[in-house]
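One structure is given here, and the rest of the page talks about it.
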Amino acid sequence: GCAIVTGPWVFNFEAQAEQFQRAEALTLVTDEHALSAAFETLLVDPVIRQQQIERAQQLVDESRGALDQLLTGLSPWLPDRAGVPR
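First residue of the sequence shown? That's 653 in our numbering, and the numbers climb one at a time after it.
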(Lines of atoms letter the chains of each structure in order from A and count residues from 1; the text may use other names and numbers.)
(Lines give C-alpha, C1' and ligand atoms only; values in the text may rest on other atoms or scores of the structure.)
Protein backbone atom coordinates (compact mmCIF):
# COMPACT_ATOMS: atom_id res chain seq x y z
CA GLY A 1 0.00 0.00 0.00
CA CYS A 2 0.89 3.64 -0.09
CA ALA A 3 -0.17 6.88 1.53
CA ILE A 4 -2.85 8.79 -0.38
CA VAL A 5 -2.66 12.53 -1.05
CA THR A 6 -5.17 14.22 -3.33
CA GLY A 7 -6.23 17.67 -4.37
CA PRO A 8 -9.69 19.11 -3.73
CA TRP A 9 -11.25 17.87 -6.99
CA VAL A 10 -12.68 14.51 -5.95
CA PHE A 11 -16.11 14.81 -7.60
CA ASN A 12 -15.82 11.44 -9.36
CA PHE A 13 -14.99 9.59 -6.13
CA GLU A 14 -16.44 11.94 -3.52
CA ALA A 15 -18.07 9.31 -1.29
CA GLN A 16 -14.89 7.25 -1.13
CA ALA A 17 -12.74 10.33 -0.48
CA GLU A 18 -15.00 11.36 2.40
CA GLN A 19 -14.87 7.84 3.85
CA PHE A 20 -11.07 7.76 3.62
CA GLN A 21 -10.79 11.25 5.12
CA ARG A 22 -13.00 10.33 8.09
CA ALA A 23 -10.77 7.31 8.71
CA GLU A 24 -7.63 9.48 8.39
CA ALA A 25 -6.56 7.28 5.49
CA LEU A 26 -6.25 10.11 2.97
CA THR A 27 -4.76 13.60 3.00
CA LEU A 28 -6.72 16.19 1.03
CA VAL A 29 -4.76 19.32 0.13
CA THR A 30 -6.02 22.58 -1.31
CA ASP A 31 -2.85 24.24 -2.58
CA GLU A 32 0.84 23.72 -3.30
CA HIS A 33 1.86 24.68 0.25
CA ALA A 34 -0.42 22.05 1.77
CA LEU A 35 0.84 19.53 -0.78
CA SER A 36 4.44 20.22 0.16
CA ALA A 37 3.63 19.96 3.88
CA ALA A 38 1.74 16.69 3.38
CA PHE A 39 4.61 15.11 1.45
CA GLU A 40 7.14 16.35 3.98
CA THR A 41 5.14 14.83 6.84
CA LEU A 42 4.79 11.49 5.06
CA LEU A 43 8.45 11.37 4.08
CA VAL A 44 9.83 12.44 7.45
CA ASP A 45 7.49 10.55 9.78
CA PRO A 46 7.31 6.81 9.04
CA VAL A 47 4.80 6.25 11.86
CA ILE A 48 2.23 8.65 10.39
CA ARG A 49 2.89 7.27 6.90
CA GLN A 50 2.40 3.66 8.04
CA GLN A 51 -0.76 4.52 10.00
CA GLN A 52 -2.31 6.13 6.94
CA ILE A 53 -1.35 3.14 4.78
CA GLU A 54 -2.85 0.68 7.28
CA ARG A 55 -6.09 2.68 7.62
CA ALA A 56 -6.49 2.80 3.84
CA GLN A 57 -5.80 -0.92 3.53
CA GLN A 58 -8.38 -1.66 6.23
CA LEU A 59 -11.05 0.31 4.35
CA VAL A 60 -10.21 -1.49 1.11
CA ASP A 61 -10.35 -4.87 2.85
CA GLU A 62 -13.70 -4.03 4.46
CA SER A 63 -15.25 -3.17 1.09
CA ARG A 64 -13.76 -6.13 -0.78
CA GLY A 65 -16.49 -8.15 -2.42
CA ALA A 66 -18.98 -5.28 -2.41
CA LEU A 67 -19.39 -5.37 -6.19
CA ASP A 68 -19.99 -9.12 -6.17
CA GLN A 69 -22.61 -8.70 -3.44
CA LEU A 70 -24.31 -5.93 -5.40
CA LEU A 71 -24.40 -7.93 -8.62
CA THR A 72 -25.69 -11.01 -6.80
CA GLY A 73 -28.50 -8.93 -5.32
CA LEU A 74 -29.35 -7.45 -8.71
CA SER A 75 -29.03 -10.71 -10.67
CA PRO A 76 -32.78 -11.50 -10.68
CA TRP A 77 -33.35 -8.28 -12.64
CA LEU A 78 -30.32 -8.47 -14.94
CA PRO A 79 -30.59 -10.14 -18.36
CA ASP A 80 -28.85 -13.49 -18.85
CA ARG A 81 -25.56 -13.23 -20.67
CA ALA A 82 -23.98 -16.29 -22.21
CA GLY A 83 -20.65 -17.11 -20.61
CA VAL A 84 -21.03 -14.64 -17.76
CA PRO A 85 -21.22 -16.37 -14.37
CA ARG A 86 -23.98 -15.35 -11.99
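Where is the CB? At the ideal position from N, CA and C, for every residue including glycine. Note that this is a predicted model, so its numbers are computed, not measured.
* DSSP three-state assignment for residue 724, whether helix, strand or coil -> Within the sequence shown, numbered from 1, the residue matching residue 724 stands at position 72. Residue 724: helix per DSSP, three-state reduction.
* **Element boundaries [alpha helix (DSSP H), containing residue 672]** => One-based indexing of the sequence shown puts residue 672 at position 20. Start and end: 666-674.
* Euclidean distance between Cα positions of residue 676 and residue 729 -> Here residue 676 corresponds to residue number 24 of the sequence shown, with the count starting at 1. Here residue 729 corresponds to residue number 77 of the sequence shown, with the count starting at 1. When rounded, the distance between both Cα atoms is 38 Å.
* To do: Return the first residue and the last residue of the alpha helix (DSSP H) that residue 713 is part of.
  => Mapped onto the sequence shown, residue 713 falls at position 61. Start and end: 698-715.
* Asked: How long is the line joining the alpha carbons of residue 686 and residue 669, rounded to whole angstroms?
  -> Here residue 686 is taken as the residue at index 34 of the sequence shown, counted from 1. Here residue 669 is taken as the residue at index 17 of the sequence shown, counted from 1. Going by the C-alpha atoms only, they are around 17 Å apart.
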